[in-house]
Amino acid sequence: GENVEQHPSTLSVQEGDSAVIKCTYSDSASNYFPWYKQELGKRPQLIIDIRSNVGEKKDQRIAVTLNKTAKHFSLHITETQPEDSAVYFCAASKGGTDSWGKFQFGAGTQVVVTP
Amino acid sequence: EAQVTQNPRYLITVTGKKLTVTCSQNMNHEYMSWYRQDPGLGLRQIYYSMNVEVTDKGDVPEGYKVSRKEKRNFPLILESPSPNQTSLYFCASQGTHSYGYTFGSGTRLTVV
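The following block contains the structure:
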């Protein structure tokens, strides 16, 4: 089955710096890769996603890149702000009618942005 | 308001006492799923459902049951809870034409 590894497990950055989180996946059939942000005591929320036919996607200060050959995808946060402090999860799914709801999540990255 | 509603938010129970955590979504989503979240392990899928009466095991289904008799509801049943099922549980739903799951607020379960 699919296995998703996420690094680093914790990331401390100064406000204004960039943060990068990397995930690798094992199943080459995976074709959809969402990222979730979970603030303390709250539910995970989708912040950005990418499909396998796209190499990069950007939404304001966050971007995701995908390298299908190497089977890894990364989340980039630029100009970090204190409100970016949270746990970030990557996930992978193979899509298709039977697999669309089946996601494998990474273990999460605790991001701390210090003023 | 589009949402996934889980109940209860907090539950403390004793080993072996059957319990049900309810989950309901109002977005007419086909896909629903249960996850448990444990420190250092991320979110692990327990069961998921592709539609009414169609369910499948996730990565950690042992000790859990689910049912999908109606599209909007997807209850999680623990027939005989054990302390290793102490965890934070999330229900989530996703539509066929939407991307990514919408999560409920979570249920923190403690089994003593």
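Residue numbers (my numbering), protein chains in the order written: chain A, 1 to 115; chain B, 1 to 112. The beta carbon of each residue, even a glycine, is placed where N, CA and C say it ideally should be.
Chain B within 8 Å of residue i, Cβ atoms only
i	result
A/K32	Strictly speaking, residue 32 of chain A in this sequence is Tyr, with Lys absent from that position. For A/Y32, the answer is yes, since a Cβ of chain B falls inside 8 Å of its Cβ.
A/A29	no
A/G16	no
A/F89	yes
Buried or exposed (CB count within 10 angstroms, at least 16 for buried), residue i
i	result
B/Y10	exposed
A/S30	buried
B/H97	exposed
A/L66	buried
B/T110	exposed
B/R68	buried
B/A92	buried
A/I21	buried
A/G1	exposed
A/G55	exposed
Where residue i sits in the DSSP three-state scheme
i	result
A/E83	helix
A/P118	Only positions 1 to 115 of chain A appear in this structure, which leaves residue 118 of chain A out of reach.
B/N84	helix
B/L19	strand
B/D38	strand
A/K58	strand
B/H29	coil
A/H7	strand
A/K42	coil
B/S105	coil
A/N67	strand
Amino acids of chain B, ordered along the chain, whose beta-carbon sits closer than 7 Å to that of residue i
i	result
A/A107	G40, L41, G42
7 Å Cβ cut-off: residues of chain A touching residue i
i	result
B/G100	P34, L46, D49
B/Q94	G101
B/S33	G101
Within chain B, partners of residue i - CB distance below 8 Å
i	result
A/K57	Within chain B, no residue comes near A/K57; the closest Cβ sits about 11 Å away, beyond 8 Å.
Interface flag, residue i vs chain A, CB-CB below 8 Å
i	result
B/Q113	Because chain B here runs from 1 to 112, residue 113 of chain B falls outside it and cannot be looked at.
B/S67	no
B/Y89	no
B/S82	no
B/F74	no
B/G58	yes
Chain A contact residues for residue i, given Cβ-Cβ distances below 9 Å
i	result
B/S105	K42, R43
Residue i beta carbon near the ligand HEM (any heavy atom closer than 7 Å)
i	result
A/Y25	Absence of the ligand HEM from the depicted structure is noted, as is the absence of any ligand whatsoever, leaving it without description.
Sufficient close CB pairs (3 or more, under 8 Å) joining the stretch 75-87 of chain A to the stretch 104-113 of chain A: yes
Stretch-stretch touch, CB-based, cutoff 8 Å, three pairs: the stretch 5-21 of chain A with the stretch 57-67 of chain B: no
Three-pair Cβ contact test at 8 Å for the stretch 38-50 of chain A versus the stretch 12-24 of chain B: no
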